[in-house]
Structure formats: structure tokens, C-alpha cells
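Protein chains in written order, with the numbering used here: chain A, 139 to 305; chain B, 14 to 393; chain C, 36 to 431; chain D, 594 to 1058.
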Amino acid sequence: MGDMVKRDAPAGPEPNRVDKGRRRFLWVTGGLGLAWLGLSAYPVYRYIAPRPVPDPFGKEGRAAVKKVSPADVAARGAGANGSYGQRGCIVFRTPQGELKAFDSKCTHAGCNVNFAGDSISCHCHGGIYDFDGKNVSGPPPRPLTPLKVFEENGVLYVAPSDQGKEV
Amino acid sequence: MNMFVLATGLWDALPLPPPDPLGYPVPVELLRALSYLTLTLHFVALHFTLGGVMLWLWLRLRRPAHADGMSAYLGSGLTLGFSYLVTLGIPPLLFVQVMYGQLFYSSSVIIGAHWILVVPLLIVAYGLFYLHKLTRERHPAPQWVYMLFALLAMLTIGFFYVNNLTLMQAPERWMSIYHLRPNGQSLNLGDPTVLPRWLALLSPAPAVAGLGLILAGTVLRRWQQEDKGLAFQSLGFRSVLVSVAATGAFGAWFVSRIPQDVLTRVVEMPLLVPVSLAGAALLLVTALLAGLASRSRSLAVPIAAIVAAAGSLATLVALRDMLRLAWLRPHFTPDDVPVHAQWAMFFLFAATLVLGLVLVVWLTAVVTGNLARRYREAHS
Amino acid sequence: MDDSRRKPDSDGPVGSTEGTPAAVDIPDSRFAEIPPDAEKVLPPADSVAGKASRAFLRRVPIWPVIEFLSHKKVPRHKHSFWYTLGSMGLFFLIVQIVTGVLLMIYYSPSQPWSSVQRIVMEIPFGGLIRSIHHWSANLMLLALFVHLFSTFFMKAYRPPRELTWLTGLALLGTTMFLGFSGYLLPWDDLSFFATRVGISEIEKTPLLGTWVAGLVRGGPDVTVDTIGRFYPLHVVVLPLLLLGILGIHLFFVQVQGVSEPDSFRALTPEKKRYHRFFSEYLVNEIPIWMALTALLVALSALFPRVLAPEADPGAAAPEGIKPEWYFMVPFQMLKLFPGSLEFLGMALTGLIPLLFLVVPFVDRTVPADRRGRVVARLGVGFLAFLAGMTAWGILS
Amino acid sequence: MNYPVWDIPFLGAGLVVAIIAIIHVLISHFAIGGGAFLFVAELWSNRQPDGERIRAWLHKYATFFLVYTTVFGAMTGVGIWFSIQLASPEGTSLLIHQYVFAWAIEWVMFLGELTVLYLYYYGWKTNSRRLQVWLAGLYFVIAWGSLFVINGILTFMLTPGGWTLENTDIVAGFFNPGYWPSLAIRTLVMFLVAGLGGLLIASRMEEEDALKERIVLFSSRWVLPAALLLPGLFYWYWTTLPVNTARLMAAGATGLGGGRLEVMTLFAVVTGVAGMLIVLGSLLFQARPKALTFSAALALFVVAQIGFLGGEFSREMARKPYVIYDTLYSNSVWKHKAAEPGYRDRSFLSLTRWDPDVVPLTPAHGEWAFRLQCASCHTRDGYRGIVPRTASWTALSGFKWLLTMDQQGVMPPFVGTAEDRAAISAYIQSLHGRTVSAAEILSQARAEEVSRSKSASAPTREVEP
């Protein structure tokens, strides 16, 4: 059966070179098409975009500390790792008896630092901080973020401290 | 729903919505004049189209001499006729809603399902006319089916209109009908005047179409097509006679069905007697002029007959409005609606209307001039 | 390789091979030359696209495949619109895969309902993507059913295309099960009870019905374990199965070409008109895909898929619970054969896929003979039966 | 409040208006854009050597144009007017009394437009070339004039601008903030639809015909102005929207209210997606003009129709909870009346003119209160149905929620006494098949009120901050 395909025979030496006018025109519409494609891809981007992390302190400006009770830090030198909102924190009482708390995210590579009785150390790369949160030795470039801590009817609360910059 | 309370209608106030807080944009007399003028033009176009379909079907049934020529003439006018019938129908509906909005909307909602059906029916009828125009040469057989359904669609639209306009002037019936079927599937069949009024509305149709035939016949005779022209004119005249008789008969039946208390109020209307006398006179004059025109060769006589017919339609329009005012007298009169005049907007509209008409008439003259010249060359 | 290609192609439109820029000397002789008729189609040698395509062709000798595909043609006749149904199914499949992956970002089988609620309530446009996934599933099945019946009435199953027909049926089965398993994942009232009703139908098949139902459900009743099974099925197993069979199905269509109905085959050769698949037919299929995209987004906006309250196995089933429309026939058959007659009902429903399987081996003659016409009339009756049962199920 | 409510079971009056309006909007834009297309095509054909063959094709375009726009376009235009009378008589009455002469002027233009179109079409063979070009141009100018007028009334409803019930400043209301962006958008979309119409007619030609390629290219270029400017114009239109609408649109993106609040945003997405598809579609046929078949051109037309669906739905929903912004609520409750102290606590049925005199707290009371206040937007189980929306309602929670229904900014404030609320809540429960007597709901609510007030007055230990 003859192949009756109505194919327009390739005419002339350069059959598939599109004439200049139409090519420029194709580019213009092509560019517009891409612009519109980007425009309507916006909902998909908004869908994939990471969700905003809720502010741990919320409306009342303070957050309850989980996993650390006032009893754990009653004695001098006692301290423990806890968490507030989605973030970690360390709460301890200095040998002078002052109750302190820091955001436990190490300023070097984000591991949670550990309260080891006499000092605050980060196990990932050996960073050491003193009881004021200052980075004493090891790779940490900046001190820890201090947090205001107070106890209220049996529950520890932390709040953003006024002098430290927000992490 | 407590049937007893519903049946006896014993409730304190009629469900009559207050007129619109914005009031009338121009004094009511001007609104009324605009409404009468445009409604008359609407009826002329309506009757030409409706009569055209009726005569077309009658021609297909009886097949008198020159039936093809006449049905071709009538058939070709349908799409234009229908288009102008709808276009000229817009302003009267607009002005009725301005004058009696609170009544018209209430009755429209009560028969809502039927009122919205008018839209698809319009599309069906109009579509069938174009189907006829585009396929009448290639498939002549099924044309009468298209025409029949188009006629039924137009008659149904007319029936829904009559139901709405009669329900509009009878607020005391609203609550009971609305409660039976709040989804708008009811009609106003309880009103005795609906059927005769609908028939009286339709009966002038063959007359206007007949006058159209007479006019076309006269033109043909002037173009030396004697027998074809005479056939046009004789059928035209016969349909005018039948239609005038029918209008008279249905009109009388309609008046006899009007409730007694309304009749007493109608008689008191100041202009009633002169207008109805003028109406009857114009009806007779139309018949006479049609008779003359069906034999003459000059274009003046058929055109005079058409003007007389338009005049009689205008009087029918005026009478209907008087009846409505009388019927509504105990519930509502347009005079107690405040007028917040928008004269600037009115004159802007008047200027646009004049400019529009001048432009359209001039262009139509130019184009029809070319068409007539071409038609005459082809046929001479 | 015949040696004709080796000697310089003097009358080649682009002039002799010396004219082309110094070709990189690829040691292996098989890849040295560009086939002559490729020169005619490739973009001009001096343009960037020209150089790139030639370099590619020298390294990857797929020109015979391109040559073969460019001959693929689609017959043009009154019924040629039905040819797009298959590609509509393919389009919906792509939409399902894309939206499916997007949904998987946030869906977690351990808290099915709360994760779906989070998608609909918190994630921007989550509701839109979920609704599109839902509507595309339904429209895909609709398109595939119409595709099934359109190929049936065009008798496309006749030799040599029996395998295409069988793989098509397998595809339809996989898609229905994909739909069924996907329906449970949101774990709201509607999907829980619909799945429970659906599986109870399997349970009623005689012999190994209860065993299979237990296996599918992971226990006597629909529980979180069932999600444990349906989720991997819906997300990995069935899609891979589907893509595999689809690959075979499309391969057959490419190799055997598009089937021609008897009316077209009877035409005289010069009356037969074709579309070239690659430049003409494909170009016209894309706008149809666009219309389907717009339709999907519009349906998702007009009738968004609302999440019902969380499934509570203890609570009463919402009134008027029914399986999805494409499982309505077995559901309705059960109503027709209550009590002891159940096995008869299930036997009949089991018969339906069998009938379709047998068709290509019953009606084989081209052009259709008396038996072919009988099969066609049976098909019409059967379509009416299926449509009637489904409508009856939905409305009752 | 003053008019009866057209209570359609499945569709709802609002959807009837929407269906007719969406069909009309596509055709009316094609009717006006098509005018420009005819005008430019006439000029183009005069300059081409094979002008006659182009005009032969143009006549096919004109025939389709004439039948399609007059039969469906004009009738659905009247259809919109019929349906808004039924869906919101109070709103229609206000618009008609305020803009009667604007509509009258639009009618004059409609009459002129139709006549010029007939003269252009029926004089096709006998008119001179120059007259045809004049007539096509004149048709477009008059048709665009009718858009110039109706656009004022349309945008007035969403952004009344300086107009208020007191000053009824017509000009400020007509040329309101939303007027110019909407006019610009509609004008560009018109050219787009005219181009798609050209593609539709050109697709019927045989591939071999070299003319087809030139006509397809000519038609698909009409998409460009819209493709270039629409995003910017939409943003301009967005800036003129009322604050509440902008908030709802943004909230819609995150799917508040069980995903239902976002419907308006979804329709905006539908419009954007349709726009993108048409631009890509026209790009496709500029690359392969000869390949165009009827089903492909029709598919683009369907995409345009869906784009209009999205655009008109989101424009109508942007007006929530009003029919005329800041003036008349969508269930025909006047805003200035609802703001009067004590107005909203009076019995709802006595406020409406259609008080069916039902015995209070009976199912009939509930049904009628629902019909006259809620049924103008909600159906029971169909479009925007109440049953799916109140699936998680109990009699008491519904009773209390009704007081807060206007807080989301989507619904008008509730008008009526506690009896009305109890009756409606009982009626809704009956829709779910649960029979609860309104009186019982009332007594429960009162009991709860008493207990809460008793506990509230007792001294408590911690002082609220």
C-alpha cells in the first residue's frame, strides 16, 4: 500500500531554517510563555516552600521549659538539658547560686551543647563555653544566646533576654 | 404552613416591598412615554416575526400559488425580526422595572423557574431561525419542524410574560402562591384574565406580517412581477382581516374577564374613553388601508397602513398600562414615589439615542440602496 | 553497515563530506558517518543546533529509531477524535504522579488524617493540589473506560493487536486498584467506611475470598495496618507495575501502528488521509492536554475535595456510604443477589473481566463478519448494563 | 429582606447567574474583540495579493461570528439581567434606579452595534471595500462603547468608590477605582479571544493551503498584547480591591476554614493557569501553523472559557459578604439598617415583608427563617450546601456560632432574635436527620448562660493580666 503520507517535500537547500521574522517572533512568545509558566508555578512553589518556624515564645513572651524541673537545678552546680518550643536549652545553677539558662544550639555547627558540671562543652567539635556562655576554646565563633529564666508555681519558664541578640 | 391562614389570607400587611429608596430618575410621565414608545416598536417587531412564522407554517400547509416566494420572503425576515424583537424589548422591560420595580421583581421571583426558562427558549427560537436560514436550500424537508418548535417557544415566552405581568398587578395573590412553591415553579393561572390576555397579545401578529407581505407585493408589482406581487398582496390582506377580527374578539373576551371592582376603577381613568375610541378607529383604518394597499402600486398606501397598525398597537399598549394602574390603585400609585432627577444622565441618553438613530438610518439607506440595485439588476 | 555510506555522498544536499567541519576522528568506524537522509532533516550544519545534533548522532546511532518513528502516522476520519483518549489517560497519569509526589512531601502514614488535614488547612494551596489529585484520579478512570469502549467499538483488538488489548485491561485493573488504595489514605469517615464496604465485596467471593481480604486488609478489619499495606502499594508497587505494563502497551502501539476501523480501511488509497504523528498529531494533542489541565484546576476550585472528620471505627457509618463510582457494579450486584444468592452475584461480577479478556480471541476477522457484528451488539448491551448499574448505585 | 427568595434546591440562584454570566462573558468579549479582528483583517486583506481568498475565509469567520454572538451572546446578556432579578432583586433594583440611563445608553450602543453588523454582513457582496472597512471599524468602536458603559456598573458593585446611599454621586460611582484596570484587562482579553476565534475558523482549512499558515500566524499574534500586559494589569486591579478582599485572598492561599475560604484564591489560580495555557497554545501554533486541527483550536477555546470562569467567579466572590460593597449584604440586608442599634435583635421574620406568620420555634419557623436569610447564597445539599458545611455542628454549637458568623469577613451579620437562631439551628439539625426542638436549644442555651454568669461573678484566685 503506497505510503500516501502528505509530506511536504523538503524544498530548497536549507529546508528547516525558519525565516528570520518568524524566529524572532517565536522567541518573543516563547519568553512570554515562560514568564506565564513561572507565574502559574507560584502556587506550587508556595506549597513546597518551607513552613515558617513558630516563635517559641508565642504571645505571652515566655515558654515553659520541658524535661527540666526546678528540683533538678535546685542545688549549686546542678544543671540539665531541656527544650522550649522546638528548640533546645540548658538550665543550670552556677556555683555562686545564680540560676542561668542558654539556648543550647552551639554557635559553631548547631549541635546541642552539654552541661558538664564545671563547664559547658559541645561534643561535636570540642567547643567549650564558660558559665557566662562566652566561647572559651574550640571552633565556636560566638557566645551562646542567653535566656532569662524564672520559676513560677513549680514550672521553669524561659524568655528572650533583653541584652543578648536573638540567635 | 397553616392552610387556614393561607387560604383566607388573613394577615396584617400585604407583602408589598417599599419602592426603591433612590426613587424615579425622571418624572414618571417621561418614563411612561419612553416605555410606551419602545414597547410599541417591540410589538411591531414581535408581531412581524411571530406573524411571519405563523404565515410560513400556513403556507407550508396549504401551499397556495407562489408559496415558495412568500415563504422565502417571510423566512429571510425572521432572524432580523427576532433580533430586533429582543433588542427593542430591552428598554420597555428596563422602564417597567424602574416604574414598578418592587412589584415586578416580586412576581418574577414567585414564578422564578418559568421566568428563567425564557432565556433558553429565546436561544432555541433564535437558533432555529438561523438554522432555517442556513439550511433551507440544502435540506428543505425538516424546515417545518424547526418553524413549529420556534413558534411553540415564542408562544411559551409570551405566556410566561403574561403570567408575570398579571401577577405583578395583584399583590394580594403573592403570599399564597409563594408559600405553595417557594422554588418558583408556580404560575398565575388563578387569574381569569391570563388566557384571554395572552391570546389578545398574539392576535395582531398575522396583521403585521400580512402588511409586510402587502408591502413586498407592491414592490414586486412595481418591478413588473405582476402575478407574484398580487399573490403577496391578496394573502397579506386576508391575514390582516383575520387578525383584526381575532384581535377584536379576544379583546372583548379579555375585557369581559376583568374583575368588577377593577372595571369600576378603570372606567374612572381620565383618558380611557378617548384612547379606546382612537384604538378602535385605528384598527378599522388599518383594515381599510390594507384593502386599498392590496390593490395599489404606489408604496404610500402600504406604508400608511403600517403606520396605522403601529398606532393601534400603541393604543393597546396605553390601555394595558391604564388597566395596570387601575388594578394597582388600592396598593400603589407611581405618584407617591419621590423623583431624584438625573437630568444630566437623561440628556446624555437622549443625545446618544438621536446620534445612534441618525447614524443607523443613514448607513441602512446606503447599504439597502446597494442591495436593491443589485436585486433589481438580477431580476430585471 | 552497507558500504554505500562510506563513499562521499556527492549529491548530498549539504555537499561532500569534506565541506563539513573537520569531524572529530572517532576511531570506531560505525559511528563516523551521519546517515544521508538525516542531513535533510537536521538543522543547518553551521548553526549551534546543527553542530550539537550531529555530534550527538555520531556518538549515539539512534537515527534508525528516529527514522522509524517519523513514519508513524494516524489515520484521519470521522472517528479519529477517539484516538486522543489514550493520551488523555496518559496525561492524567502524569498529573497523578506529579501531584502524588507533592502530597507525599507532607503526608505521613502514621498520622494519616492529621497530616492530610495539615495539607488542606495549613499548607498554602494544599487543598488545591489534593483536589487536583482527587479529580485527576476520577477523570483518568473515566477517560480509560471511554478509551476501553472506543477501542472495543473500533475493533482495535483484532490481530495483530491482541496483546495491546490485554495489557490495556491489565492497566485498567491496576489503575482501579490504585484508586481504591488511594481512597483510604486520608483516613476520614468517608474513606474508612467506603474501603470497609469495598473489601467486604472481595470477602464475599467464594473459596479464597476471605483469605485474600485478610491479606489485603492485614487483619479481620480495616485498621491502621491496612494503611501500612495500602500506602506502599499506592505509592511504589502499583505505580511501578503500571509504568511497566504501560511501557509494553505503548511499545506495541508504536510497533504495530494505529488500528484503522473498517470504514477507513475500505476507502480507496488516495482517499485515505493521515496525520504524521510527530509534527502534526502531537501538536494537536497538546492543546487537548491544556484543556484538561484547565478543567482539572477549575473542577478543584468549584468542587474542592473537603476532608470529612477523622475515621472513628466505632462510630456509625455516615448515611448513604458507597464505594467509589468505578466499584459500583459489584456493590450493586450484591444488592441484587442478597443472602444465599451472594455467590451467584459475585460469580457474575467475576465474569465481567473474563468477557473482556476473551473478546480478541472470539472476534478476529477483518473486515467484521456476522460474528463481529454480534460481538459489537453484545458490547452495546454490556455498556448499557455497566452504565445502568453504576448510575443506579450512585442514585439509590 | 423586602423580596421573596428564589429557593432552588440543588443549584441556588447564585449559581444560575454564574452559569449564564460565564457563557455570556466569553461570547461578549469575542463579539467586541472579533470586531477589531474583522477591521484589521479587512485592512490586511486589502494589502495582500490574494486578498480575495482571504476575504472568502473572512466571510466564514463573519458568519460564525454573526450567528454565535447574536444567538448565544445577546440572549445570554438578557439572561444575566433576568437571573440577577431573581437572585438579588434588592441589589438589581438599586442598580436599575441608579444607572437606568447608563443601561439605556448601553442599549442604544447595542442597537447600533447589531445594525452595523447586519449591514456589514448582508452587504458583503454589494458594499465597496472602503465601506466594509468603515463598517467593521464602526462596529468595533460602538461595541467597545457598550463595554465602556457596562464596565462602570459592573465595577461599581465591588468598589463603589465615592458613591454612598446618601450622596448617590453617579460619576464617582461609575468611574470608581476598579473601573480603569478592569476596562484595560477586558479590552486586552477581547483581542485574545478574537485571535482564538480566528484559529477556530482557520483550523477548518486544508493543511496544504499556504494561506492557512499565514492566517494561523495572523490570528495567534492577537494573543500577544494580553500575554504581555495582563500580569501587570491584574496587579493594578489587585491594588484597587477592598482591604477585606485582599486579606481573604491571601488567607485563601493557606486554606483557612477547612479549605473553603480559599475558593476565591483557587479561582484566581484557575485564571492564571488558563492564561498561561493559552499563551503556550498560541506559541505552539506559531511554531507549527499548518498542523492546526479543529479539536485543538476548540480545546484552546475551552481553556479560554475556563479562564473566564475563574476570573468571573473570583471577581464575584471578592464582593463577599456584600452584593454592593459596604451598602447591601448578599442576603439583601441593608448595611446601614443592620448597623442601627437594636435592629439586629428584632425578630427576623417580622422585619421581612414576607412574614409567613408561622408559630415561633416550630420547624416551619426554622425553615422560613433559613429560606429568607440564608437560602439566597446557600443551598441545602447542592452548591455551597449547608449540610456538608455544618457536618460537625451540634444544635447548641450552631446556635452560638450564628452570632459570630460575620467574623470571618465572608458572611453578613446575623439578623434576628434568639428564637430565630434556635429555630434555624434546629432546622439545620433536621437537615442532618437529627430532630431537635428549637425550644429545647433555647432553654439549654439559657441554662448555660445562667451557670456561666454565676461562676463568672464568684471571686477567682488569679487575676487575668
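Cβ atoms here follow ideal geometry from the backbone N, Cα and C, with glycine treated the same way.
Do you know offhand how far residue i's Cα is from residue j's?
| i | j | result |
| --- | --- | --- |
| A:Glu152 | C:Pro79 | Any reading at A:Glu152 is ruled out, since the residue's pLDDT is 48, under 50, leaving its predicted position unreliable. |
| B:His79 | B:Ala303 | 20 angstroms |
| C:Leu418 | C:Pro194 | 23 angstroms |
| D:Ala979 | D:Met998 | Checking the sequence shown, residue 979 of chain D turns out to be Ile, not Ala. Near 13 angstroms, if we compare the C-alpha coordinates of D:Met998 and D:Ile979. |
| C:Leu200 | C:Gly249 | Strictly speaking, residue 200 of chain C in this sequence is Trp, with Leu absent from that position. Spanning the two alpha carbons is a distance of roughly 31 angstroms. |
| D:Arg708 | B:Val373 | In the sequence as presented, Arg is not what sits at residue 708 of chain D; that position holds Thr. So the two alpha carbons sit approximately 7 angstroms from each other. |
| D:Ala667 | D:Ser621 | 8 angstroms |
| C:Trp324 | C:Asn173 | 16 angstroms |
| D:Leu996 | D:Ser990 | 10 angstroms |
| D:Thr833 | D:Leu877 | 35 angstroms |
| D:Glu759 | D:Tyr713 | 46 angstroms |
| C:Thr245 | C:Leu430 | 29 angstroms |
| B:Met358 | B:Pro40 | 14 angstroms |
| D:Glu699 | B:Thr100 | 11 angstroms |
| D:Arg982 | D:Thr752 | 29 angstroms |
| C:Phe366 | C:Leu276 | 26 angstroms |
Would the beta-carbon of residue i fall within 9 angstroms of that of residue j?
| i | j | result |
| --- | --- | --- |
| C:Ile262 | C:Leu213 | no |
| D:Ser888 | C:Thr119 | yes |
| A:Cys188 | A:Phe240 | Contrary to the premise, residue 188 of chain A reads as Pro rather than Cys in this sequence. Their beta carbons are not under 9 angstroms apart, which means A:Pro188 does not touch A:Phe240 by this criterion. |
| B:Phe162 | B:Val330 | no |
| B:Gly125 | B:Asn176 | no |
| B:Tyr159 | B:Ser96 | no |
| B:Met112 | B:Pro347 | yes |
| D:Gly788 | D:Val764 | no |
| D:Trp696 | B:Leu107 | yes |
| D:Pro682 | D:Tyr772 | no |
| D:Gly841 | D:Val1003 | At residue 841 of chain D the sequence reads Leu, which differs from the Gly that was named. For D:Leu841 and D:Val1003, yes; Cβs fall inside 9 angstroms. |
| D:Gly766 | D:Gly738 | no |
Please name the residue or residues paired with residue i in a DSSP beta bridge.
| i | result |
| --- | --- |
| D:Thr972 | D:Gly978 |
| A:Cys260 | A:Gly265 |
| A:Asn273 | A:Tyr267 |
| C:Pro322 | C:Pro322 pairs with nothing; no bridge assigned. |
| A:Cys244 | Answer is none; A:Cys244 lacks a bridge partner. |
| A:Asn250 | A:Lys243 |
| A:Phe230 | A:Gly217, A:Lys238 |
Mind checking whether the beta-carbon of residue i lies closer than 8 angstroms to any heavy atom of the ligand MG?
| i | result |
| --- | --- |
| C:Arg196 | Among the ligands in the structure shown, none appear at all, so the ligand MG cannot be discussed. |
- Message: Give me the subset of the segment 179-212 of chain A whose CB atoms are less than 8 angstroms from a CB atom of chain C, sorted by chain position.
- Response: Pro181, Val182, Arg184, Tyr185, Ile186, Ala187, Arg189
- Message: At a CB distance below 7 angstroms, what residues from the segment 875-888 of chain D approach chain A? Give them in sequence order.
- Response: Ser875, Leu876, Gln879, Ala880
- Validate contact between the segment 623-632 of chain D and the segment 728-738 of chain D using beta carbons, cut 8 angstroms, 3 pairs: yes
- Task: Could you list the residues in the segment 161-173 of chain C with a C-beta less than 7 angstroms from some C-beta on chain A, going in chain order?
- Result: Gly161, Leu163, Ile164
- Would you call the segment 357-372 of chain C and the segment 223-232 of chain C in contact, with 3 or more CB pairs under 8 angstroms? yes
- Query: Quick one, which residues of the segment 123-152 of chain C are near chain A if we go by CB-CB under 8 angstroms, in chain order?
  - Reply: Leu137, Ile140
- Query: Which residues, taken in chain order from the segment 647-666 of chain D, show a beta carbon closer than 9 angstroms to some beta carbon of chain B?
  - Reply: Thr656, Leu659, Val660, Thr663, Val664, Phe665
- Message: Three Cβ pairs or more, each shorter than 8 angstroms: is that satisfied between the segment 286-298 of chain A and the segment 390-403 of chain C?
- Response: no
- Item | Residues in the segment 861-872 of chain D having any Cβ partner in chain A nearer than 8 angstroms | Val862, Gly865, Val866, Gly868, Met869, Val872
- Inspect the CB distances between the segment 384-396 of chain C and the segment 333-346 of chain C and report whether three or more fall short of 8 angstroms. no
- Query: Is it a yes or a no for the segment 41-49 of chain B touching the segment 339-354 of chain B, going by three-plus beta-carbon pairs under 8 angstroms?
  - Reply: yes
- Message: Pairs of beta-carbons, one from the segment 596-611 of chain D and one from the segment 640-660 of chain D, closer than 8 angstroms: are there three or more?
- Response: no
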